[in-house]
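Before any comments, here is the structure.
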Amino acid sequence: MRSQFIKQSTNIKTGPIPTTNSSSDTCPDSCPLKTGGCYAKAHPYIKSNWDKLDQGTRGSSWGDFLGNIRSLRSGQIWRHNVAGDLPGSNDKIDREKFHQLIDANQDARGFTYTHYPVWMHKHAAHNIRAIRYANKRGFTVNLSANNLDQGIFYKQKFNIPTTALVPLDHDGRTKVLKDSTRLIPCPAENSEHVTCASCKMCADPDRNSIILFKAHGKQKNQVSIIARG
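Numbering (the working numbering), first residue to last: 958 to 1186.
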């Protein structure tokens, strides 16, 4: 596993906040986007950078990476993994490395998304415990649901920050479920004036909402099929 720390992103969507990338061996095999539809694999610059991480010509050791995270000021919003997933392999989160990352985050406001399986899988209980621990310790991990039904199930079952893919023809409107959970399309996808740096919803571990990401990227049609469930 190789990790990359970027002190200030130039990504239009994230805004000027610290971001990171992890080598592709962190991505769980259970992620349906791994075999088609992965945004990071289809985006020319992100893919090129990711390839260099995999080849070991870019990024740093885990120890040096943690040092960069520890250097972040208190309250700093930062996004873990524009590409890649949590430390782990074979669909199982590496709890030791993950706890090291959580501890390094300290009083910063790190947030990320994960496709590690949390239901109907032999490693599900292990993974959900690790994710719960992170959210309680100030490092926000969003469960990445493959479609809206799965997202609603995750939110109701685990009460953990959740995001969900929605198809291309999603109407883009905010809705409220009977249990008061709000379904909110990603504000940064719908306004050029909003970024992760200004929005911060995905960094809130206590929000009562599911953030919706519309299928996008070069393989958006394939992603849209996945998002239909």
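Ideal placement from N, C-alpha and C gives every residue a C-beta, glycine not left out.
Taking a contact as a CB-CB distance under 8 Å, the pair residue 1107 and residue 993 does not count as one, their CB atoms being some 18 Å apart. Secondary structure note for residue 1121: it is in no alpha helix (DSSP H), and the uninterrupted beta strand (DSSP E) holding it is 1119–1123. Listed in chain order, the non-local C-beta contacts of residue 1145 below 7 Å within the same chain comprise 970, 1151, 1152, 1153 and 1156, local neighbours out to five positions each way being set aside. Around the C-beta of residue 1032, fewer than 16 other C-beta atoms lie within 10 Å, and the residue is accordingly described as exposed. Proximity of the stretch 1054–1064 to the stretch 1022–1036 meets the contact definition, three or more beta-carbon pairs being nearer than 8 Å. Excluding five sequence positions before and after residue 1132, the CB atoms of its chain that fall closer than 7 Å to its own CB belong to 1140, given in chain order. With contacts defined by Cβ atoms closer than 7 Å, residue 1036 and residue 976 form a contacting pair. The stretch 1066–1077 makes no contact with the stretch 1009–1018: fewer than 3 CB pairs, one atom from each, lie closer than 8 Å.
A distance of 7 Å or more separates the beta carbons of residue 1181 and residue 1118.
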